[in-house]
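Residue numbers (this note's numbering): 175 to 627.
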C-alpha cells in the first residue's frame, strides 16, 4: 500500500474458494515396480526362445524347453477368458499340426505314438501368444515399463555379444553344431557368435522408426553401431540382409507419398540391375563364399525332394517329423547326417506338413501381421510398430529359415503389440484428493474500516 495525494491504493487479489491438490497417479501393476521389471526381464527371453537352442547353457536351455508346459495356466487363461484377435487362425493351425500331423509321421516315417507326439514340440511355442497375453494382463506392467524393458534387452543383446567377443578364449569356439551353437568357427566366416537376435533386431527397428519419426543423430548412430557389430561378430548373412531390408522398408513407408514413390522407383530400377551384375561377375566367388552352408542346403533340399518323390499325398499332407531322441531319425532314414530341415525354408515346411500345412502357416503369419497392423493403426509409437516390423522380418527370412524354427518370436511379437497398443490408450488411474484447501471469503470494505477503528 502506498499513499499518493492522501489516498491509499489497494491491491485486490481474487482467491478461489477452494483448491484440490493434484491427485497422485495410481499404478495398475500387480507387484511393486522392481519386481514387475524383474518378471519381465526374466520371462520375456524365455517367451522369445532366446535359449531354446543354446545347449551350452544347461539351466536356461532346459527351462526354455519346459517353458510351454510351465506357462500352461496362462495359456488357458489367455485362450478362454481374454478377447484376443486371431484365435480361430491359431486353433485351426493347432488342430492340423498337433492333431493330424503326428499320425502322418507314424504312417510315413514309422514313428511310435510317443515319438510322433514329441515331434509337435517345435509348435508348442506358438501357444506363447495366449500365455504371454495372459501373463501381461495378470501382471499388468505399464506401457513405459514394458517399453523400457524391451529396449534394455535389445541394448543388452549387443553389449553381451561384444563382451563375449572380447573375453571368450578361441578354444571355446567349435566347428560342429552338435558341440555348441553359440561360439562357432567356420572356414568361410571364421570366428563368430550366433547370438539370439530377437531383441537386437527389435532394437534396430525401433531406432529406425524413432529416427524417421523425429530425426536425430543418436538413433542413426545406434543403428550404424548395431550393423557393424552384426557384420563383424554375428555374421549370419540371411538375418543381417533381412534386417537391412526391413530397415529400408521402414524408411520408405515413413516417407511422404511423393518421396516414397521416387524411392520405390529408384529401388526397382537400380537394385535388380546391381544384383544381376554381381551375380554374373562373381558367381564363382559367391558360391565359394557360401561354401559349406550352400552345400548343406543343397544336400537337404535334394534329399527332401527325393523322399517326397511323385507321391501326391506326401506333397499334400507332408511326411511328418522326427526327433533326435526318438527311435527313428531323418538321419537314419536318409543315411546322411547333413540333413537340416530348418535350413530349407518353405520347402522344409512342405516336407513336414505338406502344402496344406504350409498354406495354414502362411495364413497364420499373414493374418497375424494384418491383425497387428490393424491393432496399431493410429498408434504413432516406434516400439509398437517395431513389433510389426519383426513379423515382416520373419516373413523375409522364411525363404531360408523355416517359420517353425522359432515360432515363439512370432507369438511374442503379436502378444506384445496387442497389449501395448491397448495399454497406450488406457487413461491413467488417479487417487481421490485426500483433502480440499478452502479459502475464507474476503472482508468487505466496511468490515475492514470497522476493524481498523
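Just so you know, even glycine gets a beta-carbon here, dropped at the ideal spot from N, CA and C.
{"Query": "Report the rounded CA-to-CA distance for residue 560 versus residue 522, giving the unit in angstroms.", "Result": "28 Å"}
{"Query": "Please classify residue 367 as buried or exposed, where buried requires at least 16 neighbouring CB atoms within 10 angstroms.", "Result": "buried"}
{"Query": "Would you please state the rounded distance, in angstroms, between the beta carbons of residue 405 and residue 328? I believe it to be under 8 Å.", "Result": "Going by Cβ atoms, the distance from residue 405 to residue 328 rounds to 17 Å, so no, they are not a contact pair."}
{"Query": "Using C-beta distances below 6 Å, list every residue in its chain close to residue 318, excluding the 5 sequence neighbours before and after it, in chain order.", "Result": "none"}
{"Query": "In this structure, does DSSP put residue 549 in helix, strand or coil?", "Result": "helix"}
{"Query": "Is the number of C-beta pairs between the segment 349-369 and the segment 222-234 that are closer than 8 Å three or more?", "Result": "yes"}
{"Query": "Are the segment 292-311 and the segment 250-265 in contact at 8 Å, needing three or more beta carbon pairs?", "Result": "yes"}
{"Query": "Excluding the 5 residues preceding and the 5 following residue 386 in the sequence, name in chain order all residues of the same chain whose CB lies nearer than 7 Å to its CB.", "Result": "424, 425, 428"}
{"Query": "Check whether the segment 537-546 and the segment 554-570 touch, using three or more Cβ-Cβ pairs below 8 Å as the test.", "Result": "yes"}
{"Query": "Among the residues of its own chain, which have a CB less than 7 Å from the CB of residue 556, if the five just before and after it don't count?", "Result": "380, 383, 384, 387"}
{"Query": "How would you call residue 585, buried or exposed, if buried means at least 16 neighbouring beta carbons within 10 angstroms?", "Result": "buried"}
{"Query": "Kindly indicate which three-state DSSP category residue 519 falls into: helix, strand or coil?", "Result": "helix"}
{"Query": "Determine whether the beta carbon atoms of residue 592 and residue 545 lie at a separation below 9 Å.", "Result": "yes"}
{"Query": "According to DSSP, is residue 348 part of a helix, a strand, or is it coil?", "Result": "strand"}
{"Query": "Relative to the C-alpha of residue 285, which residue among 493, 597, 553, 517 is closest?", "Result": "493"}
{"Query": "May I ask you to list the residues that DSSP assigns as paired with residue 359?", "Result": "365"}
{"Query": "How about residue 276 and residue 266: do their beta carbons lie closer than 9 Å?", "Result": "no"}
{"Query": "On the premise that residue 243 lies in contact with residue 272, defined as a C-beta separation below 8 Å, what is that separation, rounded to the nearest angstrom?", "Result": "About 14 Å separates the two Cβ atoms, so there is no contact after all."}
{"Query": "What three-state label does DSSP hand residue 258 in the structure shown?", "Result": "coil"}
{"Query": "Express the C-alpha separation of residue 420 and residue 389 in angstroms, rounding to a whole number.", "Result": "18 Å"}
{"Query": "How would you call residue 453, buried or exposed, if buried means at least 16 neighbouring beta carbons within 10 angstroms?", "Result": "With a pLDDT of only 48 at residue 453, under 50, the local geometry of the prediction cannot be trusted, and no value is derived from it."}
{"Query": "If I follow the unbroken alpha helix (DSSP H) through residue 569, where does it start and stop?", "Result": "556-571"}
{"Query": "To which residues of the same chain is residue 283 closer than 7 Å at the C-beta, ignoring the five residues directly before and after it?", "Result": "493, 494, 496, 502, 507"}
{"Query": "I believe residue 241 touches residue 218 by the beta-carbon criterion, under 8 Å. Please report the beta-carbon distance rounded to the nearest angstrom.", "Result": "In fact, because the Cβ distance is near 11 Å, the residues do not count as touching under 8 Å."}
{"Query": "Only counting runs of 4 or more residues, tell me where the alpha helix (DSSP H) segments fall wholly within the segment 409-435, in order along the chain.", "Result": "411-427"}
{"Query": "Three-state secondary structure (DSSP) at residue 537?", "Result": "helix"}
{"Query": "Between 431, 278, 598, which lies nearest to residue 550 when the distance is taken from Cα to Cα?", "Result": "598"}
{"Query": "Helix, strand or coil for residue 461 per DSSP?", "Result": "In this prediction, residue 461 has a pLDDT of 48, which is less than 50 and means its spatial position is unreliable; nothing more can be read from the coordinates."}
{"Query": "Does the ligand ADP have a heavy atom nearer than 8 Å to the CB of residue 537?", "Result": "The ligand content of the structure shown is nil, which means the ligand ADP is not present either."}
{"Query": "Quick test of your reading: residue 315 and residue 210, contact by CB under 8 Å. State the CB separation rounded to the nearest angstrom.", "Result": "5 Å"}
{"Query": "Please classify residue 624: does DSSP put it in a helix, a strand, or coil?", "Result": "Residue placement at residue 624 is poorly supported in this model, since its pLDDT is 49, which falls under 50; the coordinates are not used for a value here."}
{"Query": "DSSP on residue 455, reduced to helix/strand/coil?", "Result": "Note that residue 455 has pLDDT 48, beneath the 50 cutoff, so the model's placement of it is unreliable and no number is given."}
{"Query": "According to DSSP, is residue 480 helix, strand or coil?", "Result": "helix"}
{"Query": "Rounded to whole angstroms, what's the CA-CA distance from residue 518 to residue 475? Just pull it up for me.", "Result": "6 Å"}
{"Query": "Sorted by chain position, which residues of the same chain lie with C-beta nearer than 6 Å to residue 547's C-beta, five sequence neighbours on each side aside?", "Result": "562"}
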